[in-house]
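Per this note's numbering, residue -13 is the first one in the sequence shown, and the count goes up by one each step.
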Amino acid sequence: MTWAEMQPLLLTATRETLSMVGTATLVALLAGLPAGVLLVLTDRGGLLQNRPVNRVLGAVVNVGRSLPFIVLMLALTQFTKWVVGTSLGWQAASVPLAVGAVPFFARLVETAVREVDGGLVETVQAMGGSTWTAVRKVLVPEALPSLVAGLTTTVIAVVGYSAMAGAVGGGGLGNLAYTYGYMRFETDFMTVIVVELVLLVALVQALGDLAARALAHRGRGSGPVRLLRRRPAAVRTAPAPHAVRTAPRGGTPDPGPAGPSEDGGAVPEPAASR
-13 MTWAEMQPLL LTATRETLSM VGTATLVALL AGLPAGVLLV LTDRGGLLQN
37 RPVNRVLGAV VNVGRSLPFI VLMLALTQFT KWVVGTSLGW QAASVPLAVG
87 AVPFFARLVE TAVREVDGGL VETVQAMGGS TWTAVRKVLV PEALPSLVAG
137 LTTTVIAVVG YSAMAGAVGG GGLGNLAYTY GYMRFETDFM TVIVVELVLL
187 VALVQALGDL AARALAHRGR GSGPVRLLRR RPAAVRTAPA PHAVRTAPRG
237 GTPDPGPAGP SEDGGAVPEP AASR
């Protein structure tokens, strides 16, 4: 197969892969972030300690993470048809991709939020802050570099899942690799797809690392730590020791109390006028 024949197929498949990955990542961010934070809040000693809710939510996350993606995709066939009206194409593959990405990202969020210093949360509570304030001002901002790193890992995992989805009619680069590279023995086509997937993952990882480092550098010395810093005391300007007080009209100016002279000796009091 020539490059002229491969190019339109690659463009379409790349667009489908990016659509699948983007949709699944957005759903994982919107659903996995609050789920991961809730796992921390409802755990023992959390701000919203609730063991039954924590156990149920943890069990759901564990089930979602334990199923291989192929099994999950097949098990959600009827649900996918109900959501998008079909079980083929990148739109159908986006549904199980999103379902599989949510618990994966939720566990990474839980790990990142647990690393936040509990003393900062206690400080916010001591200042009268609510649970929502602690989450919005402390937990999420302080864990933001780790959250970005976790999101990067999730995106890379979703790229791998999307390639597997292509083997069962999900479209994208995985479908091209299976249809042309495996079924038709187009070795050159398979090589191009593998190189493109490697470059895509490398680009995502580089952007994620860059964003995480920038947020970590930006977050040093900021956030709730600023609340613990004392403002520098105002410098009081002392009055001049030899200020001369103005005497009433017709009188002699009062030089003020005696002070040290330039050579270190005491300046004598002026003689009383006779």
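All C-beta atoms, glycine included, are put in the ideal place defined by N, C-alpha and C.
Starting from the C-beta of residue i, find all residues in its chain whose C-beta is less than 8 Å away, skip the five residues before and the five after it, and write them out in chain order.
i: P218; result: A caution first: P218 carries a pLDDT of 44, below 50, which makes its placement in the model unreliable, though a value can still be read off. Counting only Cβ-Cβ distances below 8 Å, and skipping sequence neighbours, we find nothing.
i: Y166; result: M(-13), L(-5), E172, F175, M176
i: V145; result: T3, V7, L183, L186, V187, V190
May I have the straight-line CA-CA distance separating residue i from residue j, to the nearest angstrom?
i: Y168; j: G158; result: 15 Å
i: A153; j: N161; result: 5 Å
i: D29; j: A200; result: 31 Å
i: M113; j: A(-1); result: 54 Å
i: G207; j: L193; result: Since pLDDT at G207 reaches only 45, below the 50 mark, its modelled position is unreliable, and the value read off the structure follows with that caveat. The straight-line gap from Cα to Cα measures roughly 24 Å.
i: P89; j: A45; result: 10 Å
i: L53; j: Y147; result: 12 Å
i: D195; j: V181; result: 21 Å
i: G115; j: G50; result: 34 Å
Taking the CB atoms as reference points, tell me whether residue i and residue j lie closer together than 8 Å.
i: D150; j: F55; result: According to the sequence provided, residue 150 is Met. The question's Asp does not apply to it. Yes. Within cutoff.
i: L15; j: L137; result: yes
i: Q191; j: I142; result: yes
i: A198; j: V134; result: yes
i: V47; j: A21; result: yes
i: E96; j: L25; result: yes
i: A92; j: G18; result: yes
i: L27; j: L34; result: yes
i: T140; j: L94; result: yes
i: A10; j: L83; result: yes
Who are the near neighbours of residue i in its chain, counting only those whose CB is closer than 7 Å to its CB and skipping five residues on each side?
i: W76; result: E2, S5, M6, G156, G157, G158
i: M(-8); result: F175, V178
Whose CA, out of the options, lies closest to the CA of residue i?
i: R100; options: P82, V121, A84, G115; result: V121
i: L60; options: R51, S73, Y164; result: S73
i: V85; options: V69, A(-10), A163; result: V69
i: V13; options: V23, A87, L58, A45; result: A87
i: A202; options: R51, P131, Y164; result: P131
#### Entry: Uninterrupted alpha helix (DSSP H) stretches inside the segment 71 to 126 (no shorter than 4 residues)
76 to 100, 104 to 112, 117 to 120
| field | Completely contained alpha helix (DSSP H) runs for the segment 127 to 205, where each covers 4 or more residues | value | 130 to 152, 158 to 162, 173 to 204
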